[in-house]
Amino acid sequence: MKFKILALSSLLLASTSAYADLMIDGVYARATPPGAPNSAIFMTIMNHGESDRSLVAAKSDIAEKVELHNHTMVDGMMQMRQVDSIAIPSHGTAILKPGGLHVMLLGLKHPLKEGEQVALTLHFANGDSESMFVPVQKVMAGMQHGEDKKPVN
Ligand SMILES: [Cu+2]
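With mature numbering (1 follows the signal peptide of the UniProt record, and there is no 0) as the guide, the letters of the sequence shown map in order to residues -20 to -1, 1 to 133.
Now the structure itself:
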C-alpha cells in the first residue's frame, strides 16, 4: 500500500494537492461537437486519509449548471440521475468515468475543444474545496455521454 501511494503521488497535478488526504488523478472533460449543450468531467479521487470523505458539489464557469450524476439501469436503459454526493471512503477510491459517476456540465457557454482547459472547483462535505484546471479530451466513440435516451456502453 505504501508503495502504491508513492507511485500514484507522482501523477498528482501539483495544483490540486491542497489537501494531502485526497488525490485526484486522470481528470478530463469530454470534448463536444459544435452546438452540444452538455458535457461531463471524469476523474479518479483517492482518499488516503482516515476519514470518509464526500464530494457534495462542483462549480465551473463553463456551464450554466454543474451537477453530480450517476448512470443507473432503468428498464434495461442506462439513464443519468443527479446524486446528492459521491462517497470517497477512507483508503478508498471514487471513480468518475463515462457510463458511471460524473460531474455533469449543463448548458455549456461554448463547445469544449480538445486541448483547452476548464476551471473546476470541487466542494466536499467537510467544507474543503479544491480548484483545478481540467484538460479537455476526446472520449472514444461508444463511450459518449450526455444523451439520456441512448444506452451507454
Ligand atoms: Cu450526467
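For each residue, glycine too, the CB sits at the ideal point set by N, CA and C.
**Request:** Using the DSSP secondary-structure output, state which residues sit across from H51 in a beta bridge.
**Result:** Along the sequence shown, one-based indexing puts residue 51 at 71. For H51, DSSP records a beta bridge to M60.
**Outcome for F113 when other beta-carbon atoms lying within 10 angstroms are tallied against a minimum of 16** = Numbered from 1 along the sequence shown, position 133 holds the residue referred to as residue 113. It is exposed - the Cβ of F113 has fewer than 16 other Cβ atoms within 10 Å.
**Prompt:** Does the Cβ-Cβ distance between A38 and V98 come in under 7 Å?
**Reply:** In the sequence shown, the residue the question calls residue 38 occupies position 58. In the sequence shown, the residue the question calls residue 98 occupies position 118. Taking 7 Å as the Cβ cut-off, A38 and V98 do not qualify as a contacting pair.
**Asked** Cβ-heavy atom distance between H49 and ligand 1 below 6 Å?
**Response** As a first step, residue 49 must be located in the sequence shown, where it is residue number 69. Checking the Cβ of H49 against ligand 1 gives yes.
**Item:** Beta-carbon gap between D41 and S70 smaller than 7 Å
**Value:** Against the sequence shown, residue 41 aligns to sequence position 61. Against the sequence shown, residue 70 aligns to sequence position 90. No, the Cβ-Cβ distance between D41 and S70 is not below 7 Å.
**Message:** So, at 6 Å on beta carbons, what are the nonlocal neighbours of V36 in its own chain, with the 5 sequence-adjacent residues on each side left out?
**Reply:** To locate residue 36, count along the sequence shown from 1; it is residue 56. Here the set comprises S65, H103 and A105.
**Request:** Out of P14, M26, S19 and N18, point me to the one whose CA is closest to G6's CA.
**Result:** As a position in the sequence shown, residue 6 is number 26, starting the count at 1. The shortest C-alpha separation from G6 is found at M26.
**Message:** Distance check for K45 and T12, CA to CA, integer angstroms please.
**Reply:** Translated into the one-based positions of the sequence shown, residue 12 becomes position 32. Translated into the one-based positions of the sequence shown, residue 45 becomes position 65. Cα atoms of T12 and K45: separation of roughly 16 Å, rounded to the nearest angstrom.
**Asked** Does ligand 1 have a heavy atom nearer than 6 Å to the CB of M58?
**Response** As a working mapping, residue 58 is identified with position 78 in the sequence shown. It does not: the Cβ of M58 is nowhere closer than 6 Å to a heavy atom of ligand 1.
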